[in-house]
């Protein structure tokens, strides 16, 4: 069995391409340069790391989603109780890049829901009409006036009584 491919399938990261790097440089400027390259890579990456260095390497790569697993394709049996871990770690680093369409849609929905609640509060307080509240909140929050007005009238996922609208 191949630890790199096994770890890639377990990681569950979106992957149309991947690159296998072997082991990263051990220390110094070579490691620093390689980490910079790794962080900019647009493909999912797989590499091996020694047990005594894995925590440092993972900390350097903490800005990107990753999976680190030890002895992914086989089991190491300790010959002595309390022995230090042996066997390399397999690290899968998710590709750098823009968020997926699903994440963007979820963020837009959340933004619209927050704006809808704000409109409901303004209308309930009697501070503004529905139309005026929608116009103000849409401009301030950067959401579509049409989508916000439709949501405020009950055309969205929530009903009007939950938002305090008539």
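In this note's numbering, the protein residues as written are 1344 to 1509.
Where a beta carbon is used, it is the ideal one built from N, C-alpha and C, also for glycine.
Contact check, residue i vs residue j, beta carbons under 9 Å
i: residue 1433; j: residue 1346; result: yes
i: residue 1378; j: residue 1403; result: yes
i: residue 1487; j: residue 1465; result: no
i: residue 1370; j: residue 1394; result: no
i: residue 1477; j: residue 1495; result: yes
i: residue 1461; j: residue 1471; result: no
Nearest-angstrom Cα separation, counted from residue j out to residue i
i: residue 1421; j: residue 1397; result: Interpretation of residue 1421 is limited by its pLDDT of 41, a score under 50 that renders its predicted location unreliable; the figure taken from the coordinates is listed afterwards. Rounded to whole angstroms, residue 1421 to residue 1397 spans 19 Å at the Cα level.
i: residue 1361; j: residue 1387; result: 5 Å
i: residue 1482; j: residue 1497; result: 20 Å
i: residue 1490; j: residue 1468; result: 22 Å
i: residue 1431; j: residue 1457; result: 47 Å
i: residue 1364; j: residue 1392; result: 10 Å
i: residue 1355; j: residue 1349; result: 11 Å
i: residue 1372; j: residue 1405; result: 19 Å
i: residue 1407; j: residue 1453; result: 23 Å
i: residue 1411; j: residue 1492; result: 47 Å
Per DSSP, cross-strand counterpart(s) of residue i
i: residue 1432; result: 1392 and 1413
i: residue 1356; result: Paired residue(s): none; residue 1356 is not in a bridge.
Best match in the options for proximity to residue i [C-alpha to C-alpha]
i: residue 1436; options: 1471, 1390, 1376 and 1348; result: 1390
i: residue 1327; options: 1392, 1473, 1438 and 1412; result: What is shown of the chain runs 1344 to 1509, which leaves residue 1327 out entirely.
i: residue 1366; options: 1354, 1406, 1381 and 1352; result: 1381
i: residue 1376; options: 1400, 1492, 1359 and 1357; result: 1400
Any non-hydrogen atom of the ligand ZN within 8 Å of residue i CB
i: residue 1348; result: Only the bare structure without any ligand can be found here, which leaves the ligand ZN out of the picture.
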